[in-house]
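Colleague: This is the structure I want to talk about, given as structure tokens.
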Amino acid sequence: MRLFVGIFPSPAALADLSTVVGQLPLTRRVIPPERWHITVAFLGEVSDDDETAARRALDEVSVPVGEVCLRGGGRFGSVLWTGISGDVAGLSRLNRTLRRELRAHRLHPDDKRFRPHLTIARAGDELSTVDMELLKAYEGPSWPVTELVLVRSELGPHPGYHRLGAWPVP
């Protein structure tokens, strides 16, 4: 199974961003809003035992994070994203602590530099400069980070996310 730990935006934040994304001329590979999230740690393909270890690691994580909001945006290649503002320092502490706990439980989260963002679509190369400016100017409503979610993701023609559990963020 393929796992990650993420933060899902509030319903108000999702609705607000959905309105802006709906104005963009995206025709392919738009990620459904119910799957929009901020990845805090990516574990990739793991065993059932590794899922249990991830749950134990999450039990040990207690890092307060204040409010955040979706803001700005851009492209990583063809990946269209929106950035995060607010308590980014808290998100970074949470990322470091979670990765340390995952490693302490013999798991191997990816070691990419943490750049908090939310992927909107995998077709950002379709957008004109004018459309990109609309995304760059975006600022959504803030929301409190209240939980970390362990998610199993399925790839393929019918991708999906399955929430396996949630842990409170103080």
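Residue numbers (this note's numbering): 63 to 232. From the three backbone atoms N, C-alpha and C, an ideal C-beta is built for every residue, glycine too.
Run through DSSP, which three-state label would residue 135 get?
Modeller: Looking at residue 135 - three-state DSSP - the assignment turns out to be strand.
Colleague: Take the Cβ of residue 192 as the centre, count every other Cβ of all protein chains shown within 10 Å, and call the residue buried at 16 or more, exposed below.
Modeller: The residue in question, residue 192, is exposed, as its Cβ has fewer than 16 Cβ neighbours within 10 Å.
Colleague: So who's on the other strand from residue 225, going by DSSP bridges?
Modeller: Per DSSP, 213.
Colleague: Residues in the same chain with beta-carbon distance under 8 angstroms from residue 123, minus the five sequence neighbours each way, listed in chain order, please.
Modeller: 156, 159, 160, 163, 210, 229.
Colleague: Whole-angstrom Cβ separation of residue 197 and residue 144, contact assumed at under 8 angstroms?
Modeller: Sure, about 7 angstroms apart at Cβ, within 8 angstroms.
Colleague: Determine the direct distance from the alpha carbon of residue 80 to that of residue 95, and round the result to whole angstroms.
Modeller: Looking at the two C-alpha atoms, the distance is approximately 7 angstroms.
Colleague: Does residue 111 get closer than 8 angstroms to chain C when you measure Cβ to Cβ?
Modeller: Although the question refers to chain C, the structure presented lacks it and comprises just one protein chain.
Colleague: Please look up how many angstroms separate the CB atoms of residue 91 and residue 183, rounded, as I've assumed it's under 8 angstroms.
Modeller: The Cβ separation is near 6 angstroms, so the contact holds.
Colleague: Taking the beta strand (DSSP E) that residue 88 falls in, what are its first and last residues?
Modeller: Neither: residue 88 is in no beta strand (DSSP E) and is coded neither H nor E.
Colleague: Counting pairs of Cβ atoms below 8 angstroms between the segment 69-76 and the segment 105-117, do you hit three or more?
Modeller: No: fewer than three Cβ pairs fall under 8 angstroms.
Colleague: Going by DSSP, what residues sit across from residue 146 in a beta bridge?
Modeller: 132, per the DSSP bridge assignment.
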